[in-house]
Amino acid sequence: MEEEIVEWRISSLLALETYTVHSWFSLQQWRQFLIMLGHWNPFPCISKDNFQQMQNNLIQEWTMVLKKQGIIEIHNNRCVIKKRALWFDTVEQKLAILNKRLVK
């Protein structure tokens, strides 16, 4: 990608905010949504199949992270938005939440 993976992930979270909770995508639409948000650079040194496999792996990994965080659910071949991402106003606010989670 022309961008860092974290930038692609953040752009996908921001793009999800343009949809209402309980909006849904077919799994194919979900894949296309994530592909559209990335600035994918094909590598001349790997085959098209290997590039697509790498892309699929990144999409699958990010989808699993979003599921684990409860942001999306997948059922009936649909990806459903369940909640919005939690954003912090300051680094201190984020660290306070992380410290609370570590103490538990």
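When we follow this note's numbering, the leftmost residue of the sequence shown carries the number -5, and every step to the right adds one. Where a beta carbon is used, it is the ideal one built from N, C-alpha and C, also for glycine.
Original post:
Could you give the distance in angstroms between the alpha-carbon of LYS62 and the alpha-carbon of ASN44?
Top reply: 27 Å
Subject >> C-beta atoms of LEU52 and ILE4 nearer than 8 Å >> reply: no
Original post:
If you run the structure through DSSP and keep just helix, strand and coil, what is ILE29?
Top reply: helix
**OP:** Identify, in the order they occur along the chain, each residue of the same chain with its Cβ nearer than 8 Å to the Cβ of ALA9, setting aside the five sequence neighbours on each side.
**Re:** PHE27 and LEU31
**OP:** Would you list the one or two residues that DSSP bridges to PHE45?
**Re:** None; PHE45 has no bridge partner.
Subject >> Inter-residue Cα distance where the pair is LEU7 and PHE37 >> reply: 26 Å
Subject >> Cβ pair CYS73, TRP18 closer than 8 Å >> reply: yes
Original post:
To the nearest whole angstrom, what separates the beta carbons of VAL15 and LYS77, a pair I think is in contact under 8 Å?
Top reply: 6 Å
Original post:
Would ALA79 pass as a contact of ILE65 if the rule is Cβ separation under 8 Å?
Top reply: yes
Original post:
Where does GLU67 fall in DSSP's three states?
Top reply: strand
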